[in-house]
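Enquirer:
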Amino acid sequence: MGATTTRANSFLQRLIGAAALDSAIYEEVEADRAATWQALGVVVAASVAAGVGARPWGAASPAEIGFYTLVALVAWVVWAVVTFEIGAQILPDPETRADVGELLRTTGFAAAPGILRVFGVLPGVSGPAIIVTAIWMLAAMIVAIRQALDYRSTARAVAVCVLGWLLAIAFAVGIGLLFGPVAS
């Protein structure tokens, strides 16, 4: 008998699966080195959506949308790096095998729900869009970290992700207060 091969899901299937918190999708992108560019695309799309969706907070000009996009992108990087450090160095499981590429691919796809932040541009929808997608991204990050760091316990992944999430939010708020556009 010949070797069995498994067909990889398409980018759209991965995007939907990641948003649906499908652990099999996270395992697939963790193992697929070619998915690194796809994961980067998800992070960039979610960051642009955050910039566009920030309009109710004063992001009216292209420069302001660009600023909020950049803050979202940098906040994701901070979240991914801090979560990696906490998860791999401070709270690892005995089975934890830390690989930066695997972590970047899984956490990149965990940003998939953030693409919906673009709906923040709609009047009356901005607050709920930001809150719901933030919580959804946290849930996706928990699945991504659990898979990437081979945790047996979801509780460990929750602790790692929530701590990293809070630090990333504090960073983003600090950058916004220091360098953000001034509301008139």
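Under our numbering, read the sequence shown as residues -16 to 167, first letter to last. The beta carbon of each residue, even a glycine, is placed where N, CA and C say it ideally should be. Source: prediction; values computed, not measured.
Are the beta-carbon atoms belonging to D133 and E78 less than 9 angstroms from one another?
Expert: Within the sequence shown, numbered from 1, the residue matching residue 133 stands at position 150. Within the sequence shown, numbered from 1, the residue matching residue 78 stands at position 95. Yes, the pair counts as a contact, with Cβ atoms nearer than the cut-off.
Enquirer: Can we say the stretch -4 to 13 touches the stretch 121 to 131, given the rule of at least three CB pairs closer than 8 angstroms?
Expert: yes
Enquirer: Just how far apart, CA to CA, sit T170 and P111?
Expert: The first residue shown for the chain is -16 and the last is 167, placing residue 170 beyond what the model contains.
Enquirer: Between A95 and Y9, what straight-line distance do the alpha-carbon atoms span, to the nearest angstrom?
Expert: Position 112 of the sequence shown, counted from the start, is the residue given in the question as residue 95. Position 26 of the sequence shown, counted from the start, is the residue given in the question as residue 9. Distance from the CA of A95 to the CA of Y9, rounded to the nearest whole angstrom, comes to 12 angstroms.
Enquirer: If contact is defined by three or more beta carbon pairs under 8 angstroms, each pair taking one atom from either stretch, is the stretch 98 to 112 in contact with the stretch 138 to 151?
Expert: no
Enquirer: For the putative contact between L56 and V83, defined by C-beta atoms under 8 angstroms, what is the C-beta separation to the nearest angstrom?
Expert: For the purposes of this step, residue 56 is taken as the residue at position 73 of the sequence shown. For the purposes of this step, residue 83 is taken as the residue at position 100 of the sequence shown. 18 angstroms between Cβ atoms; not a contact.
Enquirer: Check this for me: beta carbons of A127 and V54, under 9 angstroms apart or not?
Expert: Residue mapping note: residue 127 aligns to position 144 of the sequence shown, counting from 1. Residue mapping note: residue 54 aligns to position 71 of the sequence shown, counting from 1. Going by C-beta atoms, A127 is not nearer than 9 angstroms to V54.
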